[in-house]
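Colleague: If you scroll down you'll find the structure; I have some questions about it.
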């Protein structure tokens, strides 16, 4: 009889440890020496210039929405440079941006803005 009374507290302790959630159990944290992972952001874009026409495709592989804009600088001083309206590129989405100059295109770039 004495043996069963001494096993009762041990049995209760083992049952509590087995049924506690993992987060509640103490465990050693291991620091691997690496900095924390960066918060990845930004759609990857590719642009094509054909004559005076510009087309850009932007694909967002990340979880945050990326607001992209197409900027076109024209080669002629009298030709008006253009900036597209901002377009929200949601996760796993590809958007198309287009614009043009009257004559030649000097440069093209895409700006990115994190949506809040």
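In our numbering, the protein residues as written are 28 to 143. Backbone N, C-alpha and C fix where the C-beta goes; we use that ideal spot for every residue, glycine too. Everything numeric in this text was worked out from a predicted model, so none of it was measured.
1. What are the start and end residues of the beta strand (DSSP E) that includes residue 147?
2. Do residue 97 and residue 81 have their beta-carbon atoms positioned less than 8 Å apart in this structure?
3. Should residue 28 go down as buried or exposed, given a rule of 16 or more other Cβ atoms within 10 Å for buried?
4. Might you give, ordered along the chain, the residues of its own chain that have their beta carbon closer than 6 Å to the beta carbon of residue 67, omitting 5 neighbours on each side?
5. Applying the 10 Å Cβ sphere with the 16-neighbour rule, what's the burial state of residue 70?
6. Output the distance between the C-alpha atoms of residue 85 and residue 118, rounded to the nearest integer angstrom.
7. Look at the Cβ atom of residue 74, then the Cβ atom of residue 93, and state whether they are nearer than 8 Å.
8. Taking residue 129 as the reference, give the member of 109, 138, 121 and 137 with the closest Cα.
Modeller: In brief:
1. There is simply no residue 147 to check, as the chain begins at 28 and stops at 143 in what is shown.
2. yes
3. Unreliable placement is indicated for residue 28, whose pLDDT of 48 sits below 50; the coordinate value is still reported in the next sentence. Residue 28 should be labelled exposed.
4. 89
5. buried
6. Roughly 11 Å between the two C-alpha positions.
7. no
8. The alpha carbon of residue 129 has as its nearest neighbour, out of 109, 138, 121 and 137, the alpha carbon of 109.
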